[in-house]
Each structure stands twice: as structure tokens, then as C-alpha cells.
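FYI, the numbering for the sequence shown is 34 to 220, going by the numbering used here. In this text, a Cβ means the ideal position worked out from N, Cα and C, and glycines have one as well.
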Amino acid sequence: MPSDNKPNVIIIGGPMGSGKTTFARQLADIYGYEFVEGDDFHSDEMKQKMASGTPLTDEDRRPWLLSLAALWQNNKERKMIIACSALKKSYRDILLGSNEEATQHKVKIILLKVSEDKLRSRLAKRLEEDPKHFAPPSLLASQLEAFELPLNEPNVYIMDNNAESSKPAMFIMELFERITSGSRNNF
34 MPSDNKPNVI IIGGPMGSGK TTFARQLADI YGYEFVEGDD FHSDEMKQKM ASGTPLTDED
94 RRPWLLSLAA LWQNNKERKM IIACSALKKS YRDILLGSNE EATQHKVKII LLKVSEDKLR
154 SRLAKRLEED PKHFAPPSLL ASQLEAFELP LNEPNVYIMD NNAESSKPAM FIMELFERIT
214 SGSRNNF
């Protein structure tokens, strides 16, 4: 596969518990990209707000989204995989900048679609493993309410992530190959 077809930046999005961090880390490891955990860019104030069980508003999220967008816009030589919810079209628009700029720099968003039951199960497991995680499972309902599947968003893909797998690497590689080839099929 020609390396110049590879995306420079891939944002892995979806609601909490969808597998963003797992997929982003594995994809970064496989292809030698830098991994960026979007949650690390939330301010302490916003983390405290979420920890209290209060969902973030669009205005709360704006500075966070702008800082994540600035990562690739100000460092275009870096190849990175960013884990970030990217729940709404308006959030994805901020993350991508203009479609022309995103297309030119090869920025793609992959949204992980997972059933609510599966998300709840994963969040219960996460709570057992990390009871101090700043985002409690009670925020899931607000994330699902905000989650907008893409319509006519040329740099956004949907991937079903309902399957349980400790090593989704093969699926990730197939996904990467499809994006690299310009396929508009969802996965």
C-alpha cells in the first residue's frame, strides 16, 4: 500500500465504553503513529464536573475540541491517532476544521457504534477495574442522547464495535486498509 495514501490523523470517536482508547492505542502501535488520549486535554474543572455526574455542555466541550484540533493543525508533520468522543457533527466540524483542510491533510474520524447494553456492560467492568475514573457510567445516557451518526460527512466512517475481542488488531488493519483505499463503506 502506498504510504502517501495513509491518513495522517485518525480520530477514534464514540460514546463512553465504545472502545475508543483500546482501538486508538492498537492502531497507533500497529502503524507507528503517536497515540493521543483526548481525555487528557479536558481541564481539571471539566473532569470534576463530569465526576460529579453532570454532563458537559457544548460550550464546555468547545475549548477541549479546539485544543485537540490544534494538535494536528499546528503539527502537520506528526502522524497521530486521537481518542476523542466526537459525538456530534458540530464537534466533528471543529475537530476537522474545513473539509478541504481535513481532506488535504488526510484527517479521518472513525465512530465506534455499540449497543447500549454492551456499553453498560463495558462501563460496569471499567468501574470495577478503575473506580476512580473521572467519568461515571451515569453519563452514558447523555452521551447516547448527543451521539449523531454521520450523514454526508466525507471524512467520517462508522464501525460496529459490538464484538468482544481482546485483540481487534486484524479488524483494525482491515479498517485502515479500507480508509487508505478511499472506500466509503462503513464497517
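With the cut-off set at 8 Å, would you say residue i and residue j are in Cβ contact?
i           : j           : result
residue 116 : residue 125 : no
residue 71  : residue 106 : no
residue 183 : residue 122 : yes
residue 32  : residue 102 : Residue 32 lies beyond the stretch modelled for the chain, which goes from 34 to 220, so this question has no answer here.
residue 83  : residue 135 : no
residue 206 : residue 63  : yes
If you drop the 5 nearest sequence neighbours on each side, which residues of the same chain put their C-beta closer than 6 Å to that of residue i?
i           : result
residue 141 : 40, 43, 188, 212
residue 114 : 43, 57, 60, 61, 66, 68
residue 112 : 41, 66
residue 146 : 191, 193
residue 77  : none
Could you check if residue i is buried or exposed, using at least 16 other CB atoms within 10 Å of its CB as the buried criterion?
i           : result
residue 99  : exposed
residue 48  : buried
residue 94  : buried
residue 55  : buried
residue 158 : exposed
residue 208 : buried
residue 176 : buried
residue 34  : Annotation note: pLDDT 36 at residue 34 (below 50); position unreliable, no value reported.
residue 52  : buried
residue 171 : exposed
At a Cβ threshold of 8 Å, is residue i touching chain D?
i           : result
residue 134 : Although the question refers to chain D, the structure presented lacks it and comprises just one protein chain.
Looking at the strands, I want to know which residues DSSP matches up with residue i.
i           : result
residue 46  : 144
residue 113 : 42, 67
residue 191 : 144
Between residue i and the rest of its own chain, which residues show a CB-CB distance below 8 Å, the 5 nearest in sequence each way excluded?
i           : result
residue 173 : 48, 49, 50, 149, 152, 153, 156
residue 109 : 41, 138
residue 36  : Its pLDDT being 48, under 50, residue 36 is placed unreliably by the model, and the measurement read from it follows with that caveat. There are no such residues.
Within a Cβ cutoff of 7 Å, which residues of the same chain sit near residue i, ignoring the five residues on either side of it in sequence?
i           : result
residue 74  : 97, 100, 101
residue 179 : 120, 121
Query - Stretch-stretch touch, CB-based, cutoff 8 Å, three pairs: the segment 83-99 with the segment 187-198 - result: By the C-beta criterion, the segment 83-99 is judged not to be in contact with the segment 187-198, since fewer than 3 inter-stretch pairs fall below 8 Å.
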